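K.L.:
To start, I am sharing the structure in question, which I have written as C-alpha cells.
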Amino acid sequence: MAEAALAQGKLLSLRETIARMEGKPLHRLEPVPDSAVGRPGDVSVAVVNHDRIAFGIEALDAALGGGLVRSGMAEIRSGSLRDSGASTGLALSVAAFVMTRQEPQQGRAVFFVGEPSVCRETGELLAEGLEDHGLALDRLVYARPRKLDEALWLAEAALSSRAFAVVVLEIAGNPARFGLSESRRLSLKARDSDCLLLLLRQGGREEAGSTIFRLEASPASSGLHLLPDGTPLRGTIGSAAFSLAIEKVSASASPLPSQGIVLEWNAHERLFTCPSDALPAFCPEPRPANPGAGLPLPADRSDRPQTLGAVLAFDRAS
Amino acid sequence: MRLLALDEKALALGLKRHQGLAEAKAMCPQLDAVAADAAADLRFLEALADWCSRYTPLAARDGTDGLFLDITGCSHLFGGEENLLSDLIFRLEAMGLAVGGAISHAPGLSWAAARYRMHQPLESRIIRPDTAGAVLSPLPVSALRLEAETVPLLMKAGLRTIGDLMCLPRAPLARRFGSHLIKRLDQALGREDEPISPRLPVAGLSLERRLAEPVAREEDLLFMAGELSRGLAPMLEERGLGGRLFELSLFRVDGAVFHVHAGSSRPLRDPARMEALFAGRFTALQDDIDAGYGFETLRLSVSHAEPLESRQMDLARPSRSTEGLADFIDQASARFGAGCLMMPVTRESHLPERASAFVHAQEVLSAADHAMRSSQPYRPARPIRLFRYPERVEAVAEVPEGPPVQFRWRRILHRVVKAEGPERIAGEWWLDGEEALTRDYFRIEDEAGRRYWLFREGLYDREPGVPRWFLHGLFA
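Respectively, the protein sequence lines represent chains A and B. Counting with our numbering, you get residues 1 to 318 for the letters of the first sequence. Counting with our numbering, you get residues 319 to 794 for the letters of the second sequence.
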C-alpha cells in the first residue's frame, strides 16, 4: 500500500516536472486523475491555479487555460503599424493589470523596451497618457536601444535582475535576428526569473516562437461614457476596447475560439471588462450626401489643395 | 616661417630661436623642421601631467613647458625625495624627453632651480627651506617668472641676479618695478603661499597597485579591479561612506594613461558590485582602450562618495527588488551610458509635448525620496503614443470650428464615427511669444475603432493664417 502511494507520489512529481519543462499549467491542488490524462477537454477551468491570473473574462480565461501566466513569455502582435495603438494599449493594460493584481506586496516594476522605428512611425510613449492608462509612472522604466541586440541584452538583464514583474519587449515586424533560439532563450529566462515577458510585435506576421500564447490585437470601437446615474452618454468615447484573436496557446485545454474576443480596459479600476451588450451599438447620425449651400466649408472634400513636401507643426523648436 | 623651439643638436649647430626657416635651412640643409602645433603640445603636457599622477594626485600644468607636483606626504612611498626625483627623471628621460626637476618648499623656487640648475647634480636640486636664499641669490632675475618687460628694466638698473634684489630695500623696489616683483620674490623664497591648481580633481579615497609584470588582458584588468575594490571596501566602511562615482586609472608602460569611469545609482560599498560595474564598462569600451604592451600600474579612486547608512532588513518583505532595480540600472548604464534607461515624469505645462518628459532613471531613483508631485486638476484623457512632430492631415469638418467628419492621414482616408472635443489649449505665450497659435484637440474614433488625437492649429478669423489640421497621437 505504502509502495503504491510512494509510486503515485513519484509519478505526480515527475508529471509536475515535465509540465514545468513544457510550460504547461500546474494543477497543484487538484491532481488530474489518471483517467483524465490524454483527454484535455476534461480539465475544467475552475481548477484552482496559482500560476495564472484570471482576466475575469470567461471566454478569454478558458481559451488561455486559466488566465494570464505569472512567468514566461507571451506575445501580443498587431498586423500593421497603424494598429499599434491597440497593441501597445493592450500590452500596457496587461502590465498595469499584473501590477495591480500581483505587485503591491513585492514592489517590482514594469520595464518597456521600445523600438526606435516604431517610435518614429507611431509616436513615443507619453507620460500623461500612461498615467491615464493606469500605470504608475514611478514604477515604469523605459529604454529605447538603438539595435535589436541591445534590446535583447537589456531584456535579458532585466529578467535576471528580478526587479521587474513585467518586461515589454517591442520589436518591429519579423526581424531575422530574433529567431527561435532567441525566443527560446528569453522564454526560459522569463520562466526562471518569475517575470512576465510580453513580446510586442508591431506590424509583423505570425511567427513560431516559444511563447505561451500569442494574441493578435486589433482596435475595436469603444463603449460610451456613463453618466453618474448609469445612463450612457451618446457619441462619447468610453474606455479603450480591443479585439483579440487568439492565435496560439501552448498548453491549450480547450479549442481556440474562432472569432475575436472584444474586451475593454477600465483604466480607473484597472480591470478588463466585457463590453456590455445592453448598450445599443452606436451608429452615427445619417448625413446628407450633399450638405447644401448653407455651410461655410464643404464637408465632402478638403478645404484646400494638397500641399507638396513635408509640412510639420511647430515652426519654432519647442 | 620661423623656428620656435630647438633641440640640443640644433643649438650646437648655432641655430637660434626666432630665426627664419629659410636662413636656418641655408645654414644646415639637413634640418628637420616640424610645423608647430600648440594644441598638440598642450595635449602632450596634459597627458604627462596625468602620467605624473602616479606620484601624487596633485599634478598641475604650468604654462607650456612645466609641471608642478605637490608631493607633500608622498615622497616616503618612493623611498624619499631624492629617489622620487631620480625615478621621475629617469622614467621621463627613458621616454626621450629632456627633463629638469627640483624639489623645494615653494613652487617658485622649484621652478627656478629646475630651469637654471638643470645640469647640476641631483642632490643640489633638492633644496631645504633654510638654504633657499643661498640657492636663489646667484640665479639671474629671469628665474623669478617676471613679466617680459620687467627683466630688461632690472638689467638696465644693474640688477642682474636675484641676490642683487634681495639685499635692496623692498619699498623702493615695489615703487619702481611694481608689486609683482616683490610678490614673485616672496613666492620664490617661500614667504608667500602659492596655490597650484591640480588638473584632475583629487579623489577622497584611492588605492593603487603596481605590478612587476605589465598586464594586458581584459580578464586580468578586471581581476585587478576586483582586488582593488576589495581593498577599498574596508576604507569606505571605516568612514561610513559608499561610492557613487568610481575612476579606474590605467597607466600603460609607455606613459599613456586611461581613465575608466563607472557610476552607480546609489552609494555602493560591495566589492562584487564595483567589479560588476567595471565589467560592464570594459564591455562597452571595447576598443577604446589600447592595451599596447600592457599596464603597469592600476589605481581605483572614489571620485564621489555619499554617506551609506546601514539599513535594517525588513522581516515581512525583503526589499530585494529595489536593490535589483538599482543594480540593473547601474549595469545597463555602465554598458550603454547613463541615458539608456529613462523614467517618465510629468511636468507642469498645458502643451502635451512639454507636459511629458523622460528623465534618466539614475537621477529619478536617487531623487525619489524628495520628489514633489502636484496633483493636477481634471483634464481630458491623453493618448499613450505621441508623435514628436505632429503629422499633417487633410481634414474635412462640417462646421469650421467643429470636429472633422473625415481625414486623410498617410494617404488613407479615415471616416470619423465618434468625436469628443474640442479641448482648447492655448499657446504658452511666456515661452513661445504672443503669436503662438491656439490648438483645438479632438479625440476621434474611426470606423475600424482606431482612436486618434487630432488638433486644429489656429482659430478661424481670430488668429492669423488659415488653420491647419494635424494628427498628434494615438489612443489605446
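Every residue, glycine too, gets a C-beta built ideally from N, C-alpha and C. Source: prediction; values computed, not measured.
1. Can you check which of these residues, B:Leu464, B:Arg786 and B:Met660, is closest to Val714 of chain B by C-alpha distance?
2. Nearest-angstrom Cα distance between Val69 of chain A and Gly657 of chain B?
3. Relative to the C-alpha of Leu135 of chain A, which residue among A:Val98, A:Glu124, A:Ala19 and A:Ala155 is closest?
4. In whole angstroms, give me the CA-to-CA distance for Ala365 of chain B and Leu568 of chain B.
5. Run down chain B in chain order and give the residues with a C-beta less than 8 Å from the C-beta of Thr100 of chain A.
6. Would Ser161 of chain A pass as a contact of Gly642 of chain B if the rule is Cβ separation under 8 Å?
7. According to DSSP, which residues form a beta bridge with Glu128 of chain A?
8. What does the alpha-carbon distance come out to for the pair Arg372 of chain B and Glu681 of chain B?
9. Please go through the stretch 59-141 of chain A and give each complete beta strand (DSSP E) segment of 3 or more residues, from N-terminal end onward.
10. Are there 16 or more other CB atoms within 10 angstroms of the CB of Met345 of chain B, so buried, or fewer, so exposed?
11. First and last residue of the alpha helix (DSSP H) that includes Leu329 of chain B?
12. So, with DSSP's three-state summary, where would you put Asp764 of chain B?
13. Considering just the uninterrupted stretch of the beta strand (DSSP E) at Ile480 of chain B, what are its terminal residues?
14. Starting from the beta carbon of Thr319 of chain A, find every residue of chain B whose beta carbon is closer than 8 Å, and list them in chain order.
15. Would you mind telling me which residues of chain B sit closer than 7 Å to Leu130 of chain A, beta carbon to beta carbon, in chain order?
16. So who's on the other strand from Cys770 of chain B, going by DSSP bridges?
17. Please classify Glu614 of chain B: does DSSP put it in a helix, a strand, or coil?
18. If contact is defined by three or more beta carbon pairs under 8 Å, each pair taking one atom from either stretch, is the stretch 220-228 of chain A in contact with the stretch 261-279 of chain A?
19. Using a cut-off of 7 Å between C-beta atoms, extract the partners of Leu154 of chain A located in chain B.
20. Pick from A:His133, A:Lys189 and A:Met73: whose alpha carbon is nearest that of Val249 of chain A?
21. Do Gly384 of chain B and Arg502 of chain B count as a contact pair if the criterion is CB distance below 8 Å?
22. Just to confirm before moving on: does the CB-CB distance between Leu546 of chain B and Arg587 of chain B stay below 8 Å?
23. Since Gln202 of chain A sits in a beta bridge, which residues does DSSP pair it with?
24. Compare the C-beta of Val94 of chain A against all C-beta atoms of chain B and say whether one is closer than 8 Å.
25. Is it right to say Arg653 of chain B is buried, meaning 16 or more other beta carbons lie within 10 angstroms of its own, or is it exposed?
26. So Pro145 of chain A contacts chain B; which residues on that side make the cut at Cβ distance below 8 Å?
27. Applying the criterion that 16 or more other CB atoms from any shown protein chain within 10 Å of the CB defines a buried residue, is Pro695 of chain B buried or exposed?
28. Within a Cβ cutoff of 8 Å, which residues of the same chain sit near Pro516 of chain B, ignoring the five residues on either side of it in sequence?
29. Give the residues from the stretch 663-684 of chain B that approach chain A closer than 9 Å (Cβ to any Cβ), ordered along the chain.
30. Using a Cβ-Cβ distance under 8 Å, would Asp265 of chain B count as near chain A?
31. Could you tell me whether the Cβ atoms of Leu616 of chain B and Ala644 of chain B are closer together than 8 Å?
32. Can you have a look at Gln202 of chain A and say buried or exposed, based on whether 16 or more other CB atoms are within 10 angstroms of its CB?
33. Would you mind stating whether Ser337 of chain A and Ser78 of chain A have Cβ atoms separated by less than 8 Å?
34. Using the C-alpha atoms, what's the distance from Cys485 of chain B back to Ser455 of chain B?
35. Output the residue ranges of the beta strand (DSSP E) runs that lie fully inside the stretch 379-458 of chain B and measure 3 residues or longer, sorted by chain position.
36. Is it buried or exposed for Phe362 of chain B, if we count other Cβ within 10 angstroms and need 16 for buried?
P.N.:
In this structure, then:
1. It is B:Arg786.
2. Rounded to whole angstroms, the gap between the alpha carbons of Val69 of chain A and Gly657 of chain B is 32 Å.
3. A:Val98
4. 13 Å
5. Result: empty, since nearest Cβ-Cβ is about 16 Å, beyond 8 Å.
6. yes
7. According to DSSP, Glu128 of chain A bridges with nothing at all.
8. 33 Å
9. Listed in chain order, they are 72-78 and 109-113.
10. Met345 of chain B comes out exposed.
11. Glu326 to Ala330
12. strand
13. Segment Ile480 to Met484 is the alpha helix (DSSP H) holding Ile480 of chain B; no beta strand (DSSP E) there.
14. Residue 319 of chain A is absent from the structure shown; chain A starts at 1 and stops at 318.
15. Pro662 and Ile702
16. The sequence shown places Tyr at residue 770 of chain B, not Cys. Its beta-bridge partners are B:Ile762 and B:Leu792.
17. strand
18. yes
19. Ala650
20. A:Met73
21. no
22. no
23. DSSP lists A:Ser78 and A:Ala172 as partners of Gln202 of chain A.
24. Judged by the 8 Å Cβ criterion, Val94 of chain A is not in contact with chain B.
25. buried
26. Correct list: Phe654 and Cys658.
27. Flag for Pro695 of chain B reads exposed.
28. Pro375, Leu376, Ala377, Ala378 and Asp388
29. Val663, Thr664, Arg665, Leu669, Pro670, Glu671, Arg672, Ala673, Ser674, Ala675, Phe676, Ala679 and Val682
30. The structure shown does not extend to residue 265 of chain B, since chain B is modelled only from 319 through 794, so no value can be given for it.
31. no
32. buried
33. Because residue 337 of chain A is not part of the residues shown, which for chain A are 1 to 318, the question remains open.
34. Straight through space, the alpha carbons of Cys485 of chain B and Ser455 of chain B are spaced by roughly 10 Å.
35. 384-387
36. Here Phe362 of chain B is exposed, its C-beta having fewer than 16 other C-beta atoms within 10 Å.
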